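Notes follow the structure.
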Ligand SMILES: Nc1nc2c(ncn2[C@@H]2O[C@H](COP(=O)(O)OP(=O)(O)O)[C@@H](O)[C@H]2O)c(=O)[nH]1
Ligand SMILES: [Mg+2]
């Protein structure tokens, strides 16, 4: 593991990839590694790009990478697809869109697939961000595929959230419904070469006006045409404004604190779940269940009594 840390310090891609995979598998002895990573953390700027499939997120990120590389910034990209069982490799379409950066050693692109549970996926993504931060990437971009609860979860891991839609995405209603509109710091009407872009910008502007008072950050609405390389530099400027806002207002620190609380909660829940699974296997559990099976006891009271006795037991044993 010491070698791995050295590899990270030397920004070796193989070490970066290996550590991400190791942490993804949630080994019991990963704590040491995470501690070392935390020590190296350089405090990258982490941005989240979310929006419906086909909105042009990957194409936009490809352009953003170019813009950032021109400023000599190192860029890490994590593409998260909760619907894909694949991991480590590539979510094909996304990798193809960013392929021109594949040989640039200052760019690292990684896909993360489903880890069986949503909590597992967001924990693994959080760790991947840690690894890239420790490896000294200046900007880390997290792309999530789709619009739903899982995207909301993942977006809690980043500093700034951009929601990308395109003029013909009838999905905007869906986006509204899923609650994604509320979490965006920046709105991007992508593929602005298509008709209807101005209308979409106006609609989102109206939404922002209705939902935000003028005192805090007011989400910006940008237009981009990644296939022509247009609007991307301006979008990066908006990101920088938001970053400055996060720093000056204290909102950045507040968000990071909240993220840590979430992470702790998720880990506690995962530990409890593992403990429960273990208890269920025990014969005493099966015997007690007999009463429920025979209708002598309600599942509700059984569950309550079980929790009581186990928490007290663990407490007494000082575990
Ligand atoms: N007209 C137009 N099409 C675009 C633009 N950017 C991307 N696309 C197309 O939109 C499709 C989906 O792009 P992709 O980046 O994979 O979307 P994602 O699913 O949100 O990552 C592809 O066929 C792209 O070529 C653009 O600026 N204008
Ligand atoms: Mg994509």
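Numbering (UniProt numbering), first residue to last: 1 to 319. Yeah, the Cβ is synthetic: ideal placement off N, Cα and C, and Gly gets one too. Only a predicted model underlies this, so the values are computations on that prediction, with no experimental measurement involved.
Near ligand 2: residue 169 beta-carbon under 6 Å from a heavy atom: Sequence index remark: in the chain shown, residue 169 carries index 169 (1-based). It does not: the Cβ of residue 169 is nowhere closer than 6 Å to a heavy atom of ligand 2.
Unbroken beta strand (DSSP E) run spanning residue 160, endpoints: Position 160 of the chain shown, counted from the start, is the residue given in the question as residue 160. Start and end: 160–165.
Any alpha helix (DSSP H) of 4 or more consecutive residues that is wholly inside the segment 160–248: For the segment 160–248, whole alpha helix (DSSP H) runs of length 4 or above, ordered along the chain, are 172–178, 180–183, 197–211.
Residue 50: first and last residue of the uninterrupted alpha helix (DSSP H) it sits in: Position 50 of the chain shown holds residue 50. Annotation for residue 50: no alpha helix (DSSP H) segment contains it, though the beta strand (DSSP E) segment containing it runs 45–50.
Strand pairing of residue 108, partner residues [DSSP]: The sequence position of residue 108 within the chain shown is 108, counting from 1. Paired residues: 76.
When 199, 181, 247 are compared against residue 167, the one with the closest alpha-carbon: Translated into the one-based positions of the chain shown, residue 167 becomes position 167. Relative to residue 167, the option among 199, 181, 247 whose CA is nearest is 199.
The segment 126–135 in contact with the segment 271–282 per 3-pair CB rule at 8 Å: At 8 Å Cβ cutoff, the stretches do not touch.
Inter-residue Cα distance where the pair is residue 88 and residue 263: In the chain shown, counting from the first residue as 1, residue 88 sits at position 88. In the chain shown, counting from the first residue as 1, residue 263 sits at position 263. Any reading at residue 88 must be qualified, since the residue scores a pLDDT of 49, below 50, and its modelled position is unreliable; the value itself is stated next. A direct Cα-to-Cα measurement between residue 88 and residue 263 gives close to 22 Å.
Residue 31 - DSSP class collapsed to helix/strand/coil: As a first step, residue 31 must be located in the chain shown, where it is residue number 31. In this structure, residue 31 counts as helix in the three-state DSSP scheme.
Whole-angstrom distance between residue 135 and residue 14, CA atom to CA atom: One-based indexing of the chain shown puts residue 14 at position 14. One-based indexing of the chain shown puts residue 135 at position 135. Each residue's alpha carbon lies about 12 Å from the other.
C-alpha distance - residue 255 paired with residue 154, whole-angstrom precision: Residue mapping note: residue 255 aligns to position 255 of the chain shown, counting from 1. Residue mapping note: residue 154 aligns to position 154 of the chain shown, counting from 1. Answer to the nearest angstrom: the Cα atoms are 13 Å apart.
Through-space distance from residue 208 to residue 214, alpha-carbon basis: Within the chain shown, residue 214 is the residue found at index 214, counting from 1. Within the chain shown, residue 208 is the residue found at index 208, counting from 1. C-alpha separation (whole angstroms): 10 Å.
Those runs of the alpha helix (DSSP H) which lie wholly inside the segment 278–309 and span at least 4 residues: Whole alpha helix (DSSP H) segments, 4+ residues: 283–293.
Own chain partners of residue 68 with C-beta closer than 6 Å, once the 5 adjacent residues on each side are dropped: In the chain shown, residue 68 corresponds to position 68, counting from 1. Answer for residue 68: 75, 139, listed in chain order.
DSSP bridge partner residues for residue 12 (one or two, in chain order): Taking the first residue of the chain shown as 1, we reach residue 12 at position 12. According to DSSP, residue 12 bridges with nothing at all.
Proximity test, residue 59 beta-carbon vs ligand 4 heavy atom, cut-off 6 Å: This structure lacks ligand 4; the ligands present are ligand 1 and ligand 2.
Residue 144 in three-state terms, based on DSSP: Position 144 of the chain shown, counted from the start, is the residue given in the question as residue 144. In this structure, residue 144 counts as strand in the three-state DSSP scheme.
Proximity to residue 21 [Cα-Cα], best of 196, 38, 78, 151: Locating residue 21 in the chain shown gives position 21, counting from the first residue. The shortest C-alpha separation from residue 21 is found at 78.
C-beta atoms of residue 97 and residue 62 nearer than 7 Å: Looking up residue 97 in the chain shown gives position 97. Looking up residue 62 in the chain shown gives position 62. Residue 62 is positioned such that its CB atom lies closer than 7 Å to that of residue 97.
Alpha carbon of residue 252 to alpha carbon of residue 108, nearest angstrom: On the chain shown, position 252 is the one that residue 252 refers to. On the chain shown, position 108 is the one that residue 108 refers to. Near 25 Å, if we compare the C-alpha coordinates of residue 108 and residue 252.
Check: residue 82 C-beta below 6 Å from any heavy atom of ligand 1: Position 82 of the chain shown, counted from the start, is the residue given in the question as residue 82. No, ligand 1 has no heavy atom inside 6 Å of this Cβ.
Residue 100 Cβ short of 6 Å to ligand 1 heavy atom set: Position 100 of the chain shown, counting from 1, holds the residue named residue 100. Not so, every heavy atom of ligand 1 lies at least 6 Å from the Cβ.
CA-to-CA distance, residue 16 to residue 90, given in whole angstroms: Here the question's residue 90 lines up with position 90 in the chain shown. Here the question's residue 16 lines up with position 16 in the chain shown. Residue confidence for residue 90 is low, a pLDDT of 47 falling below 50, so the modelled location carries little weight; the figure read from the coordinates is stated next. Rounded to the nearest angstrom, the two C-alpha atoms are 16 Å apart.
beta-carbon residue 97 near ligand 1 non-hydrogen atom, thresh 6 Å: On the chain shown, position 97 is the one that residue 97 refers to. Yes; taking the cut-off as 6 Å, the Cβ of residue 97 has a heavy atom of ligand 1 nearer than that.
The segment 158–166 / the segment 41–49 touching (three or more Cβ pairs under 8 Å): Touching, yes, given that three or more Cβ pairs across the two stretches are closer than 8 Å.
Contacting residues, own chain, Cβ-Cβ under 6 Å from residue 294 (five flanking each side not counted): What you label residue 294 is simply residue 294 of the chain shown in a count that begins at 1. By the criterion of a C-beta distance shorter than 6 Å, residue 294 is surrounded by no residue of its chain, once the five residues flanking it on both sides are discounted.
Residue range of the unbroken alpha helix (DSSP H) whose run includes residue 150: Here residue 150 refers to the residue found at position 150 of the chain shown. 149–155 is the span of the alpha helix (DSSP H), which, as asked, contains residue 150.
Where residue 88 sits in the DSSP three-state scheme: Position 88 of the chain shown, counting from 1, holds the residue named residue 88. With a pLDDT of 49 at residue 88, under the threshold of 50, the modelled position of this residue cannot be trusted, and the question is left open.
Euclidean distance between Cα positions of residue 10 and residue 225: Your numbering for residue 10 matches position 10 in the chain shown. Your numbering for residue 225 matches position 225 in the chain shown. Taking the CA atoms as reference points, residue 10 sits about 36 Å from residue 225.
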